[in-house]
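>
Numbering (the working numbering), first residue to last: 16 to 638.
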């Protein structure tokens with residue numbers, strides 16, 4: 016059976032030697048986060064910080080730090096939940112293998128929460144300032160909860176059945192928040208909490224919010240699950256955790272409280288107040304900057320007697336949330352074809368910051384066999400994908416046809432790029448959406464929530480062989496140097512910094528950098544060897560970009576806005592369609608409006624390095 020509390024989970028992890036107690040005093044300002052990042056990168060155990068500077072509560076990190084440990088935490092019910100998903104995809108499966116689904120009725124029973132009159136969460140009260148004040152990155156605007164479970168209900172249908180449990184950013188201190196009375200809530204309007212907020216405003220009723228921290232681990236995972244509309248996260252948490260979630264009924268004027276949470280903050284969102292929230296080091300590997308967001312007026316802060324504060328670090332992938340993405344794919348992957356017919360697999364690429372790059376494999380069945388195959392059904396599928404929940408945040412969507420290679424693995428990124436670049440026709444296969452919304456955390460568009468999208472849809476026979484070596488005599492225009500091969504057919508070129516480029520004299524009416532890119536593209540004729548590379552990426556540091564697959568993906572797709580930064584050799588516009596006859600060129604240089612990248616504090620790094628020296632508690636755990 017699953018864990019009823021976080022404490023039970025920690026005892027089991029310690030028993031199986033998957034948890035280490037760290038008894039030295041650790042500062043929640045930067046030090047705790049540095050430990051989490053380093054241990055997670057090393058594939059290490061969960062770490063229980065028993066002495067937290069300035070705080071009486073212990074902290075625990077890296078609970079979900081590896082996929083193997085995440086599977087271990089949910090081992091009792093993982094198969095049952097997968098079986099539930101299989102029956103959701105096709106109920107007829109039950110009649111072909113009924114014994115396989117013998118665990119489903121029990122999982123269905125656990126999906127209904129159990130209402131109780133009290134629980135350990137109500138044992139003690141505290142203040143916001145007494146909670147662990149974790150700051151992960153030097154320029155963060157204050158302390159944040161990094162594993163919150165934010166609970167809200169639909170004002171039109173208030174009940175757990177129409178509730179939302181989401182992992183939305185919560186700022187505990189800093190900026191203009193009134194100490195102990197206000198916390199910041201960061202969420203996007205299309206998320207479940209945003210819909211509930213809008214309904215409460217329209218109805219003129221208080222918008223009540225409860226923030227849980229800790230409790231059964233299934234609650235944490237449920238808060239990040241992309242569940243279909245109509246399935247409350249509490250139900251999923253019960254099924255995955257192997258026991259009904261216990262809720263305290265607090266009456267008609269208050270939201271229920273998770274009885275077994277470690278901490279709970281209750282309050283009401285002020286309908287007329289927006290305060291600056293952030294900066295915050297985020298999952299794209301950069302800071303999200305200060306912007307006005309809703310404020311929660313705090314009523315109560317509760318905690319159980321043995322409360323432990325779980326935390327993680329958000330930053331450039333891979334981080335601990337990579338395990339969330341992998342386990343979510345294992346559970347929900349079979350649902351994709353039922354949501355968008357004709358799509359067989361989808362992969363939001365973690366190394367590119369998740370939302371900037373989406374890979375997909377679909378079907379291309381529209382073209383008759385006696386015609387030359389070209390993307391048609393793939394484009395229909397691509398548009399459908401961009402209308403689905405969090406997939407709508409995708410900035411680059413690359414989609415190929417399964418018929419061209421049924422063995423293609425969506426998670427083999429080099430193979431996927433090779434397949435696409437061998438077949439792409441840049442005169443027809445580029446499809447832009449301009450002046451649209453993108454991820455709030457993505458600053459490549461220059462304005463909050465504003466940017467563009469690019470769908471690249473490729474199918475048919477191979478069009479080209481992809482080079483893996485540079486030809487002799489390879490030449491570049493002045494200021495461009497150090498060509499490096501990132502992948503077969505993908506070339507990174509070191510370019511003048513964005514602010515230092517100089518306009519070509521004939522293009523004086525253009526911005527300096529736009530003119531420089533045009534000058535670069537105009538320097539090559541159709542027969543130049545650079546055109547053997549279907550994709551060329553202009554970067555600030557080509558050695559860094561080509562150093563690893565992850566570096567290429569991060570630089571290319573987090574630092575470019577399709578409509579502004581995708582260029583090409585031999586470019587043309589015909590009937591509003593843009594294409595190019597030669598290499599496709601991405602401008603992936605850092606721009607002045609980009610948010611700064613995340614960089615560790617070197618003094619903190621030295622202090623944590625000391626804990627890894629021989630005889631110290633992290634020796635053999637981190638490098």
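Here a beta-carbon is modelled for each residue, glycine too, at the ideal position from N, C-alpha and C.
1. If residue 263 sits next to residue 134, beta carbons under 8 Å apart, how far is it from one beta carbon to the other, in whole angstroms?
2. Have a look at 566, 411 and 324 and flag the residue whose alpha-carbon is nearest the alpha-carbon of residue 467.
3. Could you name the residues of the same chain whose beta carbon sits closer than 7 Å to that of residue 544, not counting the 5 residues immediately before and after it, in chain order?
4. Closest to residue 573 by CA distance: which of 22, 372, 259 and 67 is it?
5. In the DSSP assignment, the alpha helix (DSSP H) including residue 618 goes from what residue to what residue?
6. Cα separation between residue 62 and residue 69?
7. Within the same chain, show all residues whose beta-carbon is closer than 7 Å to that of residue 168, passing over the 5 residues directly before and after it, in chain order.
8. Run through the DSSP bridge pairs and tell me what residue 499 is partnered with.
9. Please tell me whether residue 561 and residue 318 are closer than 9 Å, where the distance is taken between their beta carbons.
10. Excluding sequence positions up to five away, which residues of its chain have a Cβ less than 8 Å from the Cβ of residue 474?
11. Could you say if the stretch 577-594 and the stretch 446-461 meet the contact criterion of at least three C-beta pairs nearer than 8 Å?
12. Could you spell out where the beta strand (DSSP E) holding residue 225 opens and where it closes?
13. CB-CB under 6 Å to residue 65, same chain, minus the five flanking residues each way: which ones, in chain order?
14. Consult DSSP for residue 24 and reduce its assignment to one of helix, strand or coil.
15. Taking C-beta to C-beta, are residue 198 and residue 143 nearer than 9 Å?
16. Can you give the beta carbon distance from residue 226 to residue 185, rounded, assuming they're within the 8 Å contact cut?
17. In the DSSP assignment, find the alpha helix (DSSP H) that holds residue 83 and state where it starts and stops.
18. According to the Cβ coordinates, are residue 613 and residue 300 closer than 9 Å?
19. Which residues mark the beginning and the end of the alpha helix (DSSP H) in which residue 218 is found?
20. Select from 237, 265 and 286 the residue whose C-alpha is nearest the C-alpha of residue 219.
21. Alpha carbon to alpha carbon, how far is residue 360 from residue 425? Give it in angstroms, no decimals.
22. Consider the C-beta atom of residue 163 and the heavy atoms of the ligand MN; say whether any pair is separated by less than 8 Å.
23. By the 10 Å Cβ neighbour count, where 16 or more other Cβ atoms means buried, how is residue 523 classified, buried or exposed?
24. Kindly list the residues whose CB is nearer than 6 Å to the CB of residue 596, restricted to its own chain and excluding five residues on each side of it in sequence; keep chain order.
25. Residue 251 to residue 440, Cα distance in whole Å?
26. Excluding the 5 residues flanking residue 28 on each side, which residues of the same chain have their C-beta closer than 6 Å to its C-beta?
27. Give me the Cα-Cα distance between residue 542 and residue 575, rounded to the nearest whole angstrom.
28. Excluding the five sequence neighbours on either side, which residues of its own chain have a C-beta within less than 6 Å of the C-beta of residue 509, listed in chain order?
29. Using a 10 Å radius around the Cβ and a threshold of 16 neighbouring Cβ atoms, would you call residue 49 buried or exposed?
30. When DSSP builds the beta bridges, which residues end up paired with residue 292?
31. How about residue 446 and residue 472: do their beta carbons lie closer than 9 Å?
32. Between residue 391 and chain D, is any beta-carbon pair separated by less than 9 Å?
33. So what does residue 284 bridge to, in DSSP terms?
34. Do the stretch 104-122 and the stretch 361-370 make contact, defined as three or more Cβ pairs closer than 8 Å?
35. To which residues of the same chain is residue 637 closer than 7 Å at the C-beta, ignoring the five residues directly before and after it?
With the given structure in hand:
1. 5 Å
2. 411
3. 486 and 489
4. 372
5. 617-626
6. 19 Å
7. Non-local beta-carbon contacts of residue 168 in its own chain, meaning distances under 7 Å to residues more than five positions away in sequence, involve 174, 177, 178, 211 and 270 in chain order.
8. 507
9. no
10. 379, 388, 389, 390, 393, 415, 416, 418, 419 and 438
11. yes
12. 222-228
13. 36, 38 and 73
14. helix
15. yes
16. 6 Å
17. 82-88
18. yes
19. 207-218
20. 286
21. Looking at the two C-alpha atoms, the distance is approximately 7 Å.
22. This structure lacks the ligand MN, and indeed carries no ligand of any kind.
23. Model confidence at residue 523 stands at a pLDDT of 41, short of 50, so the residue's coordinates are unreliable and nothing is read from them.
24. 585
25. 44 Å
26. 34 and 61
27. 27 Å
28. 496, 497 and 557
29. With a 10 Å radius around the Cβ and a threshold of 16 neighbouring Cβ atoms, residue 49 comes out buried.
30. 306
31. yes
32. The structure shown contains no chain D; it holds only a single protein chain.
33. 222 and 311
34. no
35. 53, 54, 57, 59 and 627
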